Amino acid sequence: MLAQQTKGPESNGDNGGRSLPPSRKEKRPKTFMFIDSSNGGINAKPDRVVRSFVMKSARNKKPWSTRPRNPKTDTLTIVEATTPRLLPIDPHRSSEVAATDWVAACIQSPIGAPFIYAVLTSSARATSLDSEVYKWRAIAEVNRLLTDSHKNTDDTTIATVLMLLALEEADLADPRKKGDERRCSVRVKEAHLNGLKTMIGQRGGLAALGQNRYPGLFDIVSTITVFISDLTAWYETGICPVDSFELQKHASLLMYRLFDWHEQHTNNQNEETRQVDESICLALLIFIVNATEPNAFSFGSRLSKTVNKLHLALERVPLHHWSHAPDMLLWTLTMGALGAKTLPRGSRASTSTGPELSFFMQLSPAAVSDRSFKLASMNLQLLLDKLKSCLWMPSIFDERLKRLWVSMGLCKPEVVDVEDTSSSSEGEREQLVDDEYALGQSTTMRFFKLEGKKRVKREPPV
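Per the UniProt record's numbering, the sequence shown starts with residue 1, numbered consecutively.
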C-alpha cells in the first residue's frame with residue numbers, strides 16, 4: 001500500500017498509464033507566464049498576486065485595442081478641410097503650417113477680429129454671397145490696429161492684409177470687372193500691397209517673419225545671456241559647469257554668429273530697423289571682447305572697424321527710434337565709448353579723445369532724461385542700475401565705466417573716486433601694445449596672464 005502511494009505520483013506524470021485521445025494529443029499546450037515567488041522547489045506553486053501581475057502585463061502589451069482611435073482631433077480636421085476656402089493663396093493645401101498653425105493662431109488671437117472678417121469675406125465668396133460688408137469691416141479693423149505701435153506689425157495683422165490683398169487680386173483677375181469698379185479695386189490693391197511691404201519691412205524682412213520678434217538676433221542674445229552668467233560665476237568663484245577652455249571656445253562661436261548675422265541681415269532689412277539692429281549687434285561684439293578679456297587695457301586695432309561701423313550706424317538712426325528703449329541706447333553708446341577708448345592713439349585724431357569717442361560722449365547725455373541726468377550727477381548707482389537691466393558684468397565693467405562716465409560728462413568727477421595713477425598707467429599700457437601684435441597681446445592676456453606677474457625669488461635652502 002505504501003509502495004503504491006509512493007509510486008503513484010510518478011505514474012501520474014503520464015496520466016496514470018492511460019493513453020490520451022488523439023485529439024488531445026495534437027493540441028499544443030499553452031505557455032503560462034508563472035513566476036515562482038516562494039522559497040520552495042521547482043514545482044512549488046506561484047503566488048496569486050504575482051500571477052495576476054504577469055497576466056495584466058501580458059494584456060497591456062497587446063498592440064491592438066477594442067476602442068476606436070481617431071488619428072486627428074475634430075478641430076484639426078475642420079481647419080484642414082476649410083483652409084483651401086479660407087486661403088486663396090493655397091488652393092492645393094500644400095501648406096500644412098498655414099492649416100495647423102497660421103489659421104488656428106490667428107483665430108485664437110485676441111486681435112483676430114480683422115482676420116475673422118477676412119475669413120468671412122473669403123468663405124462668403126465661395127458660396128456666392130455678398131461679402132463686401134465683411135471686407136470693409138476687416139479693413140476698418142486693420143486701420144484701427146495700425147494706430148497701435150504694439151499691434152501694427154503683429155502676425156495676425158500681416159495675415160489679414162495678405163488675405164485682403166489676395167482677394168483684391170482675385171477680383172482684378174475677373175474680366176467682367178471694368179470701369180470705376182476696376183479702378184477702385186486697383187487703388188485698394190495698391191494700398192494693401194504697399195501696407196504689406198511696409199509691415200514686413202518693419203518686422204525685419206521676410207527672414208524675420210518666424211515670430212513677433214527678430215528671431216536671429218534675439219536667439220543670439222538669449223545664448224549670450226546664459227554664457228555671461230557662466231562667465232560671471234567663473235570669474236567670481238572659479239566654478240563653472242564647463243571647462244574654462246570651453247568658455248573661450250563658446251565666446252568665439254558667439255562672435256562668429258554675430259558676424260554671420262551682421263553679414264546676412266544688414267542688406268535685407270528695412271533701413272530704419274536695420275540700423276537699430278546693426279547698432280545692437282556691433283555693441284554686442286564690443287561687449288563680448290571686453291567680457292572675455294578682463295585684463296586687457298587696449299585691444300589694438302581689432303575694435304577700430306567695429307567702433308567705426310557702430311558710429312556710422314548710430315548716425316543714420318534718429319533718436320526717436322530709441323524712444324521705447326532708452327536704456328538700450330545708453331548701453332549701446334557705453335559699449336561704443338569703451339571700444340573707442342581702447343583704440344590705439346595712432347588711430348585717433350589730433351585730439352586726446354579722438355573723433356569716435358567724442359561722438360559717443362556727445363550723444364550719451366541724450367540717452368538719459370533731464371531728471372535722471374541730474375540725479376546721476378549725484379548718484380552713480382542710478383546709471384549702473386539702468387545698464388544692469390541689459391547684459392552686464394559688474395566685476396569687469398563697473399570700475400571701467402566710473403572713469404569713462406566722468407570723461408563722457410554723465411557724472412561729476414567728485415562722484416567717482418578716480419586714482420591719480422589710473423590715467424597714466426593706462427596710457428603706459430596702451431603704448432606697450434603694437435597694432436601688429438594686438439592679437440598676440442590678446443592671447444597673452446587670455447591664457448598666459450600669470451607670466452606677466454612678478455615672480456618671487458626663492459632663497460636656496462641652507
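The beta carbon of each residue, even a glycine, is placed where N, CA and C say it ideally should be. These numbers come from a predicted model, not from an experiment.
Of L382, T292, A124, the smallest CA-CA separation from L254 is found for T292. Secondary structure of T147 (DSSP, three-state): coil. When secondary structure is reduced to three states using DSSP, A173 falls in the coil class, being assigned neither helix nor strand. Going by beta carbons, V161 and G195 fall inside the 8 Å limit. Cβ contact annotation for L384 (same chain, cutoff 7 Å, sequence separation greater than five): D398, in chain order.
D148 counts as exposed, since fewer than 16 other beta carbons sit within 10 angstroms of its beta carbon. Cβ-Cβ separation between T156 and G112: approximately 5 Å, consistent with a contact (criterion under 8 Å). Between the alpha carbons of S364 and K151 lies a gap of roughly 30 Å. Contact between the segment 162–169 and the segment 179–197 is present, with at least three C-beta pairs closer than 8 Å. Secondary structure of E293 (DSSP, three-state): coil.
The criterion of a C-beta distance shorter than 8 Å is satisfied by V317 and Q275. Take L401, set aside five residues on each side of it, and the residues of its chain with a beta-carbon closer than 7 Å to its own are T334, in chain order. Around the beta-carbon of S131, 16 or more other beta-carbon atoms lie within 10 Å, marking it buried. Shown here, N194 sits in a helix according to DSSP, grouped into three states. A distance below 8 Å separates the beta carbons of K386 and L330. In the displayed model, A325 falls within coil according to three-state DSSP, outside both helix and strand.
Per the C-alpha coordinates, the member of A233, H311, D174, L303 positioned closest to P394 is A233.
Sorting P326, H320, V406, W392 by C-alpha distance to the C-alpha of M361 places V406 at the top. The beta carbon of D230 is closer than 6 Å to those of C240 in its chain, skipping five residues each way along the sequence. For S358, the uninterrupted alpha helix (DSSP H) run begins and ends at 355–363, by DSSP.
In the DSSP assignment, T306 falls within the alpha helix (DSSP H) that extends over 304–315.
Sequence-distant Cβ neighbours of V188 in its own chain, meaning closer than 6 Å and more than five residues away, are E168. Ranked by Cα distance from I280, the options L391, Y235, T342 are led by L391. Spatial neighbours of T225 in its own chain (CB-CB distance under 8 Å, excluding positions within 5 residues in sequence) are listed in chain order as L391. Under the three-state reduction of DSSP, I111 is assigned to coil, being neither helix nor strand. Annotated three-state conformation of S389 is coil, per DSSP. Beyond the five residues adjoining it in sequence on each side, M328 comes within less than 8 Å, by CB distance, of I280, W322, C390 in the same chain, given in chain order. Taken through DSSP and simplified to helix, strand or coil, V226 comes out as helix. Only buried fits N290, as 16 or more other CB atoms lie within 10 angstroms of its CB.
Across the set F359, N295, S57, the C-alpha of F359 shows the shortest separation from the C-alpha of L312. The criterion of a C-beta distance shorter than 8 Å is not satisfied by I286 and L258. If you compare the alpha carbons of M163, D154, T153 with that of A138, the shortest gap goes to M163.
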